[in-house]
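All residue numbers for the sequence shown refer to the numbering used here, where the first residue is 1015 and numbers rise by one.
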Amino acid sequence: MDAETLQRTFDEAVQAHGQGRLDEAEAGFRAVLTVLPHEGEALFGLGLTLMGLRRFTEAVAPLQGGAAQPGAEPVRFLCLAQALYMTGAFAQAAETFAAMEAEDGFHDGARLTWARSAAYAALDGADADNALALYGRIAGPVAEDLDTVAREGFSALVAFERLDAARKLGRWLEARTPGDAVQAHELRVLTDPEIDRAPPAYVEALFDAFAERFDHQLVENLEYQAPAILAEMVGVAERRFKHMLDLGCGTGLAGPPFRAAVARLTGVDLSTAMLAKAAERGGYDALVHAEAVAFLRETTERFDLIVAADVFSYLGDLGDILAASAEALSDDGLLAFSVEQGQTGWRLLPSARYAHGDDYVRAAGAGAGLEVIQHLQTPLRRQADAAIPGGLYVLRKTRP
């Protein structure tokens, strides 16, 4: 590749990045770096592109390379610090931010992320009070509410499996809000792995609080696609259903991929705030506020399709919900659902969700008179900087 071609490739990569065509930008920057592996602008461009693609761990090395160039601008170090923060390397992030404090371009957002990085790193040796005091000293007059810093820090520390540090923040939060059902359960999860299901009060409170930002977080940030994939597995392009139940319908994300294939669509959820969002989205013939198993046991309706996307991850033992689903299905009806795929059996995760092995799903389904007719292993969503392995299933009712 001659100099003119290199420059054109670099310029096109920069343009692609600016226009949001990140896959093209990545390919262009990598092509330049194949010829000039230490070219600072291309390293920085690749790092920024990988950040945009939410591949934060991959972004660290090129951002480090870009920042190591003689005369590198402060913005390169700030972007590196942000990438380190997003990978859970809080101590390194704090050090990098601190070194840039006196430089031009050190804005309030950088200061706040520095303060959080330092506080979360300090929890390895300090208690929560001292770690949060450090946050306050660094953040100064732009400091955020400490409950927010602690709550989001708890989630981040759990995601990066720094569980001792997470427990410290969890206990601090529980002392501040002793009646908080969400915090109480998520802290209990870190000490009692035998809990076999998330309490309904926890699920309701969690999703009532989450409803406003649910779609943005799950679809745009976590790359959640389970409903659309389940629709393909069920065969909505070729098949029609009389009555579908969207179990744990949430904001109604499963409605659009299935609606054209069903004559009647009913949604059930434990969260009134999520049901309100589903009503705004539209497409449902009925929306019901109820706990899933209770609804399935009490309804006189029979469904030829039940879909439960991201519902079984809040249950360890699936026996009750599979049996109740089978009872509510018409003969030869289908049950389509997602799980976080584990190795074997079921296991409570630090995230307060459950993983289920394929062996367990098949055995539990058979016990309820349900036969697995399709199984797809695929990333379910993103957590921290990793894809969560998922299992998508379609089961058919095999006995009356």
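By construction, the Cβ of each residue, glycine as well, lies at the ideal position given by its N, Cα and C atoms. Just so you know, these numbers come straight off a predicted model, no measurement behind them.
Residue i versus residue j: straight-line alpha-carbon distance, rounded
i	j	result
S1344	R1311	14 angstroms
A1170	G1184	12 angstroms
V1156	Y1149	11 angstroms
T1127	A1112	11 angstroms
A1142	E1072	31 angstroms
G1383	E1341	9 angstroms
R1130	F1058	24 angstroms
G1034	A1380	47 angstroms
E1385	Q1096	47 angstroms
P1051	V1353	42 angstroms
E1294	L1279	15 angstroms
V1250	M1258	12 angstroms
L1301	R1125	45 angstroms
G1140	G1079	Checking the sequence shown, residue 1140 turns out to be Ala, not Gly. About 33 angstroms.
S1365	D1025	43 angstroms
V1321	Q1397	23 angstroms
K1291	D1210	29 angstroms
A1378	F1309	20 angstroms
A1275	Q1391	24 angstroms
L1092	Q1021	26 angstroms
M1100	F1070	6 angstroms
L1160	R1253	52 angstroms
G1296	L1289	10 angstroms
Member of the options whose CA lies at the smallest distance from the CA of residue i
i	options	result
K1182	Y1216, L1201 and L1329	L1201
Y1238	E1208, P1403 and F1091	P1403
D1372	G1405, E1385 and L1362	G1405
V1172	R1151, N1144, L1137 and A1107	L1137
R1273	K1256, L1289 and M1288	K1256
Y1374	V1089, A1030, L1062 and L1336	L1336
A1400	L1050, L1047 and R1068	R1068
W1360	C1093, H1370, G1085 and R1190	H1370
A1039	A1045, A1030 and V1046	A1030
A1323	E1294, D1283 and R1316	D1283
P1414	D1318, Q1391 and L1146	D1318
L1329	I1152, Y1368 and R1253	Y1368
P1213	A1133, F1326 and M1288	F1326
T1412	F1351, L1160, P1088 and S1339	S1339
T1023	A1153, P1084, A1304 and V1046	V1046
M1114	P1088, G1123 and L1098	P1088
T1110	A1304, D1118 and L1098	L1098
W1186	I1152, V1074, R1253 and A1147	A1147
Exposure of residue i, with buried meaning 16 or more beta-carbon neighbours within 10 Å
i	result
H1121	exposed
T1314	exposed
T1286	exposed
R1165	buried
D1260	buried
P1271	buried
A1277	exposed
A1116	exposed
M1015	exposed
G1269	buried
R1090	buried
G1281	buried
P1241	buried
T1358	exposed
T1063	buried
A1056	buried
T1048	exposed
A1223	exposed
T1019	exposed
T1162	exposed
T1191	exposed
L1179	A small correction: the amino acid at residue 1179 is Ala; Leu does not occupy that position in the sequence shown. So A1179 ends up on the buried side.
A1017	exposed
A1189	exposed
Whole-number beta carbon distance between residue j and residue i, since they are thought to touch under 8 angstroms
i	j	result
L1204	L1177	6 angstroms
F1043	G1102	No, F1043 and G1102 are not in contact; Cβ-Cβ is about 25 angstroms, not under 8 angstroms.
L1409	L1349	5 angstroms
L1077	G1066	That belief does not hold up - the Cβ atoms of L1077 and G1066 are roughly 12 angstroms apart, past 8 angstroms.
D1334	V1307	5 angstroms
M1247	Q1388	5 angstroms
A1086	G1054	7 angstroms
A1133	G1167	7 angstroms
L1362	P1207	5 angstroms
A1108	A1145	Contact doesn't hold; Cβ gap of about 12 angstroms is too wide.
A1081	L1094	5 angstroms
Y1298	F1351	At roughly 19 angstroms, the Cβ-Cβ gap does not stay under 8 angstroms, so Y1298 and F1351 are not in contact.
Residue i Cβ short of 7 angstroms to the ligand FMN heavy atom set
i	result
S1352	With respect to small molecules bound, the structure shown includes none, and the ligand FMN cannot be examined in it.
Per the contact definition of three or more C-beta pairs closer than 8 angstroms, is the stretch 1189-1197 in contact with the stretch 1209-1218? yes
Quick test of the definition: if touching needs 3 or more C-beta pairs under 8 angstroms, does the stretch 1253-1272 touch the stretch 1222-1229? yes
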